[in-house]
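Colleague: Okay, here's the structure, questions in a sec.
Protein chains in written order, with the working numbering: chain Z, 4 to 111; chain Y, 52 to 824.
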C-alpha cells in the first residue's frame with residue numbers, strides 16, 4: 004500500500020481511528036462500511052504499518068462482561084498518509100466524532 | 052490469549068458457529084486473535100439488539116449476514132498461512148538435506164550434470180537459431196531479404212542487383228529504411244593478412260540503429276560514384292588488433308587489396324553484422340565494391356551481389372512487406388525480363404543463422420538436444436529412485452506424523468518441497484557447470500575452416516537461465532511426486548513396528564520401473580556413443596593421406612594485384628625458399644584442400660564413349676595438384692609415377708586416378724598409359740593412387756582424379772618435426788618473397804582436418820576432438 008494510494012474506504016477507516024473510534028465495530032458503525040470491508044482493510048493497514056493494534060486487558064472485558072476488544076491506533080506514517088488522503092477526499096470530513104471520546108485506549 | 056466464552060454453546064448461536072467454521076482457513080497462529088475479534092464484533096451487535104432467543108428473525112438474519120463478512124476477512128489472512136507453512140517446509144527440507152549429506156550430494160550432482168548439459172546445448176540452440184543480432188536497436192523490427200528463385204521456390208544462387216536494390220529502397224512503403232550488403236575477403240596490404248569485409252550501402256548502420264563508437268559512418272555522397280571515396284569503418288576487434296585501440300586512427304589510412312582506404316569510424320564492440328555466425332573487420336561503401344571484386348561493376352545489371360536488411364515501419368507487418376516486395380520484384384521482372392526472370396525476394400526474420408545455413412547446421416544441435424534430454428531423464432530417474440529409497444528409510448517418521456494427525460496432503464507438500472529444493476540446487480550447480488564450460492563449447496564448436504572463422508557469442512542470458520531453472524523446478528515436481536505419493540501412505544502399524552514390508556508390493560514394482568527406465572536410457576546412450584566412436588574410427592582410417600607433420604598454408608597473391616602469370620612466379624619463389632629450409636621434407640601445391648567433397652566434379656569420358664546428354668557424363672571428384680603432392684601427403688602410388696614439372700606444361704595433360712576409377716574405366720587392363728577425356732580435354736593416365744578422400748568404411752568407394760596443374764594457392768609442407776613450431780619461420784620465408792601478399796591461413800593439417808569434421812557437423816565429429824589425436 005503505497006503512500007497517497009489509499010482507497011476511500013481505507014482513508015475513511017484511518018480517519019475514524021484518528022477521530023477516536025478505536026475498535027472494529029465502532030469503525031463499522033461510524034463509517035457505515037460493511038464488516039467484510041472494514042476488517043480486511045484493518046489487516047492491510049496494519050501490515051502496511053499505518054496502524055498498530057493491541058488487545059484490552061481480559062480483566063476489563065470480564066468486568067463489563069463482554070468479549071475483549073482489539074484497539075487500533077494510528078502510527079506516524081498512518082497519520083501522514085491520512086493527511087494526504089484528506090486533501091483528496093473532501094467527504095472524509097463527515098467522519099467526525101459524534102461525542103467526546105477517549106482518544107487513547109486508556110482502558111487497556 | 053484466552054478466548055471469551057460466548058462460543059461455549061455455538062449451536063444456540065449459529066453466527067458464532069459460522070465464525071468458528073470460517074476461522075479454519077485462517078493461519079493457526081492468527082486464528083485465536085481473529086476469532087476473538089469477530090466474536091466481539093458479533094457479540095456487540097447481539098447486545099445492541101437483545102438476547103438471541105428474543106431476537107426477531109430479521110435481526111437473526113442480519114447477525115448471520117454480518118458473520119459471513121468474516122469470510123472475506125479470513126480470506127485476506129489465508130495467504131499468510133501458506134507463507135507460514137512454506138517457510139516451515141523449507142526449513143525442515145534444508146535440515147533434512149543437511150542431515151543426509153551423501154544423498155544430497157549425489158542427487159544434486161547428478162541433476163546438476165543433466166541440467167548443465169541441457170543448459171549448454173540449449174544456449175547453443177538459442178545462439179544458432181533464436182538470438183537477435185547483437186548491438187542493433189529494436190531487432191524485432193528488422194527483416195532480412197535474400198533473392199528468391201520464384202520458379203523453383205528456393206533461394207537463388209545469385210543475390211540482388213544494386214539497381215534493383217535502389218528500386219526496392221525508393222518504391223516501398225513498408226520499410227523506414229532498407230540497406231544492402233555483401234561479404235568479401237580483402238588483403239590488408241600492410242600486414243599481409245586477410246580481413247573479413249562487408250561492402251555496404253550508406254544506410255546500413257542507420258537502418259540497424261548502430262551508433263559509431265568513434266568517428267562517423269558513410270555519407271550519402273561517399274556512396275554515389277564508383278571508386279571515388281575509399282573510406283572504411285573498422286570493427287572494434289580489428290581496431291584493437293590493427294591499431295591497438297588508438298583513437299587517433301580516424302583519418303589514417305590502410306591498404307586493402309592495393310587500394311588506400313581512409314578510416315572514418317569505429318563500430319561499437321558488440322556489433323558483428325546482421326547474421327549470427329559471422330564477424331567482420333571492416334566495412335566499405337558499395338561504390339568501392341571493385342576493390343573487393345575486380346570484375347564487379349556494382350551499377351550494372353550483370354552483377355547481383357547484395358542481400359538486404361530493412362527496418363519495418365511500426366504500421367507494417369512482415370507479411371505486408373513480403374507482399375509489397377513481391378509486387379516490386381514483379382515490376383522489375385516485367386521491366387528487365389533478360390536479367391530478372393523468376394527473380395523474387397524472400398524476407399526473413401533476422402534471427403540466428405542465415406537461412407541458407409540453418410538446415411545444414413541444425414543436425415548437430417538436434418542430435419545433441421536429444422542426447423542431453425536423455426541424460427537429464429537418466430538423472431531424473433536416478434533422483435526418483437533415490438527419493439523412493441529415502442522414502443523407505445523415512446517410513447517410520449512419516450507413519451508417526453500421520454498417526455499424530457498430519458494430513459497426507461500436508462506430508463506430500465513437505466516431501467515435494469524437499470525434491471523441488473533438491474532440483475533447484477541441481478539447477479544451480481548445472482548452471483555453474485554450464486557457465487564454466489561455455490568457453491570450451493564455443494571454441495570447440497565454432498572452428499575455423501578455410502579462413503572463415505565462424506563467430507558466435509555463446510553466452511548465458513536470462514532466457515537460458517530461466518530455462519534451466521524451469522527445467523530444474525519441473526524436474527523436482529514431476530519426479531518428486533510419485534515418491535511423495537508412495538511415501539505418504541505407508542501401512543501405519545507395520546511401519547510403526549519397524550516392519551520393512553510396510554510399503555508393500557506396489558512400491559517395489561515402482562522402484563523396479565524407475566530402474567528399468569534408467570538402465571534402458573543408459574543403454575541407448577551407450578550404444579549411441581559406441582556407434583559414434585565406431586564411425587569416428589572409420590573416418591580416421593579412410594582419410595586417404597597422412598596429415599601428421601604437415602602444415603597447410605594459403606596465400607592470396609591475386610588480392611594484391613597479381614595476375615595468373617605473376618602468381619605462378621610468386622609461388623615458384625615461395626616453393627624454392629620454403630624447400631630450402633632445414634626441417635622441410637617436401638613442398639607441394641594443390642588447387643583445393645584434401646578434404647572430402649571439397650574440389651568439385653570433373654566429367655571423365657573414355658575416347659569414343661557417347662552420351663546423349665551432357666548430364667549423363669561420368670562425374671568424378673577432382674583436385675588439381677602440383678608435383679610432390681603424393682609424396683607430401685604420403686598417398687601411395689600403386690602404379691605409374693608422380694607428376695613432373697613437364698606434366699604441367701600446356702599440351703601435355705597428365706592425370707593420376709584412384710583405384711576405384713581405374714577399375715571402373717579399365718576393369719581388365721592396366722590404367723597407366725591409357726587416354727581419357729577430362730572435361731572434354733584428352734589426357735593421359737600416368738599413375739594409379741590409393742586414395743579414399745574421407746570415405747568411411749561401409750560407404751561405396753568413390754572415383755577420384757588428380758589433374759596435373761600449376762596447383763593453385765594452397766601449399767602443403769611436410770616437416771620433420773612439430774608443425775606448429777615451424778609456422779612462424781615458414782611465414783617469415785613467405786613474406787620475404789613479397790610482404791604484400793596475404794597469408795590467409797596457416798595451420799597444421801591435422802587441425803584443419805579436425806575443423807573440417809566439425810564443420811561437417813556429424814555427431815561423430817564432435818567427439819573427434821576429445822578422442823582422436
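Ideal Cβ placement from N, Cα and C applies to all residues, glycine included.
Is the region 70 to 79 of chain Y touching the region 119 to 132 of chain Y, taking contact as three or more C-beta pairs under 8 Å?
Modeller: The region 70 to 79 of chain Y, when compared against the region 119 to 132 of chain Y, does touch it at the 8 Å Cβ threshold.
Colleague: Under 8 Å by Cβ, that's how I've got residue 662(Y) and residue 800(Y) pegged, so tell me the actual separation to the nearest angstrom.
Modeller: With a Cβ gap of about 38 Å, residue 662(Y) and residue 800(Y) do not count as contacting.
Colleague: Comparing alpha-carbon positions, which option in 789(Y), 568(Y), 666(Y) lies nearest residue 607(Y)?
Modeller: Closest option to residue 607(Y), Cα to Cα, is 789(Y).
Colleague: Just the Cα atoms here: how many angstroms apart are residue 613(Y) and residue 698(Y)?
Modeller: Their backbone Cα atoms lie some 24 Å apart in a straight line.
Colleague: Taking the C-alpha atoms as reference points, what is the distance between residue 237(Y) and residue 290(Y)?
Modeller: Roughly 16 Å between the two C-alpha positions.
Colleague: Got a sec: is the Cβ-Cβ distance from residue 55(Z) to anything in chain B below 9 Å?
Modeller: Among the chains of the structure shown, chain B does not appear; the protein chains present are Z and Y.
Colleague: Whose C-beta lies closer than 8 Å to the C-beta of residue 191(Y) among residues of the same chain, with five residues either side of it excluded?
Modeller: 183, listed in sequence order.
Colleague: If we count the other Cβ atoms within 10 Å of its Cβ and call it buried at 16 or more, is residue 339(Y) buried or exposed?
Modeller: Buried.
Colleague: Which of the three DSSP states is assigned to residue 37(Z) in this structure?
Modeller: Residue state, collapsed to three classes: coil.
Colleague: Which ranges does the alpha helix (DSSP H) cover as unbroken runs of at least 4 residues, wholly within the region 154 to 218 of chain Y, from first to last along the chain?
Modeller: The qualifying runs do not exist here; there are none.
Colleague: Beta-carbon within less than 7 Å of residue 425(Y)'s beta-carbon, same chain only, minus the 5 sequence neighbours each way: which residues are those?
Modeller: Excluding residues within five positions, the ones whose Cβ falls inside 7 Å are 572, 575, 576.
Colleague: Pick helix, strand or coil for residue 334(Y), following the three-state DSSP scheme.
Modeller: Strand at residue 334(Y).
Colleague: Tell me, please, whether the region 674 to 688 of chain Y touches the region 754 to 768 of chain Y by the rule of three or more beta-carbon pairs shorter than 8 Å.
Modeller: Result yes; three or more Cβ-Cβ pairs closer than 8 Å.
Colleague: At the 9 Å Cβ level, is residue 119(Y) part of the contact set with chain Z, yes or no?
Modeller: Chain Z, which has a Cβ nearer than 9 Å to the Cβ of residue 119(Y), makes this yes.
Colleague: In terms of alpha-carbon separation, which member of 796(Y), 791(Y), 690(Y) lies closest to residue 775(Y)?
Modeller: Closest option to residue 775(Y), Cα to Cα, is 796(Y).
Colleague: Select from the region 64 to 82 of chain Z all residues with a C-beta closer than 8 Å to any C-beta belonging to chain Y, and list them in chain order.
Modeller: Per Cβ criterion, the list reads 64, 69, 70, 71, 72, 73.
Colleague: What do you reckon, are the CB atoms on residue 155(Y) and residue 476(Y) nearer than 9 Å?
Modeller: For residue 155(Y) and residue 476(Y), yes; Cβs fall inside 9 Å.
Colleague: So what's residue 693(Y) in DSSP terms, helix, strand or just coil?
Modeller: DSSP places residue 693(Y) in coil when its eight states are reduced to three.
Colleague: Strictly below 7 Å CB to CB, what residues from chain Z border residue 88(Y)?
Modeller: The contacting residues are 27, 73.
Colleague: Would you report the Cα separation of residue 29(Z) and residue 107(Y), rounded to the nearest angstrom?
Modeller: When rounded, the distance between both Cα atoms is 23 Å.
Colleague: Just grab the DSSP bridge partners of residue 601(Y) for me.
Modeller: The partner list for residue 601(Y) (beta bridge, DSSP) reads 769(Y).
Colleague: Closest by CA to residue 13(Z), which one among 23(Z), 32(Z), 53(Z)?
Modeller: If we check each option's Cα against that of residue 13(Z), 53(Z) comes out closest.
Colleague: For residue 9(Z) and residue 88(Y), what's the separation of their Cα atoms in angstroms?
Modeller: Answer to the nearest angstrom: the Cα atoms are 24 Å apart.
Colleague: Would you kindly work out how many angstroms separate the C-alpha atoms of residue 409(Y) and residue 359(Y), rounded to a whole number?
Modeller: Spanning the two alpha carbons is a distance of roughly 18 Å.
Colleague: Along the region 122 to 137 of chain Y, what residues have a CB closer than 8 Å to any CB found in chain Z?
Modeller: Within the region 122 to 137 of chain Y, the residues whose Cβ lies closer than 8 Å to some Cβ of chain Z are 122, 123, 124, 126, 127, 128, listed in chain order.
Colleague: Along chain Y, in chain order, which residues have C-beta atoms closer than 9 Å to that of residue 24(Z)?
Modeller: Correct list: empty, because the minimum Cβ distance to chain Y is about 13 Å.
Colleague: List the endpoints of the continuous beta strand (DSSP E) containing residue 655(Y).
Modeller: Looking at the DSSP string, the run of the beta strand (DSSP E) that includes residue 655(Y) is 652 to 656.
Colleague: For residue 540(Y), which residues of its own chain have a beta-carbon under 8 Å away from its beta-carbon, when the five flanking residues on both sides are left out?
Modeller: These residues qualify, in order along the chain: 459.
Colleague: Leaving out five residues before and five after residue 172(Y) in sequence, what residues of the same chain have Cβ atoms less than 6 Å from its Cβ?
Modeller: So the list reads 419, 420, 423, once near-sequence residues are dropped.
Colleague: Using a beta-carbon distance cut-off of less than 8 Å, what residues from the region 28 to 47 of chain Z approach chain Y?
Modeller: Flagged, chain order: 28, 31, 37, 38, 39, 40, 42, 43, 46, 47.
Colleague: Let's see if you can read the secondary structure: which residues bound the beta strand (DSSP E) around residue 304(Y)?
Modeller: Unbroken beta strand (DSSP E) run through residue 304(Y): 304 to 307.
Colleague: So residue 273(Y) and residue 214(Y) are supposed to be a Cβ contact under 8 Å. How far apart are they, rounded?
Modeller: Not really, about 19 Å apart at Cβ, beyond 8 Å.
Colleague: Spatial neighbours of residue 161(Y) within its chain, please: C-beta separation below 6 Å, excluding the five flanking residues on both sides.
Modeller: Cβ within range, chain order: 430, 433.
Colleague: How about residue 448(Y): is its C-beta nearer than 9 Å to some C-beta of chain Z?
Modeller: Not closer than 9 Å to any Cβ of chain Z, the Cβ of residue 448(Y) fails to qualify, so no.
Colleague: Would you say residue 91(Y) lies against chain Z (beta-carbon separation less than 9 Å)?
Modeller: With 9 Å as the cut-off, residue 91(Y) counts as an interface residue toward chain Z.
Colleague: Buried or exposed for residue 468(Y), please, with buried defined as at least 16 other CB atoms from any protein chain shown within 10 angstroms of its CB.
Modeller: Buried.
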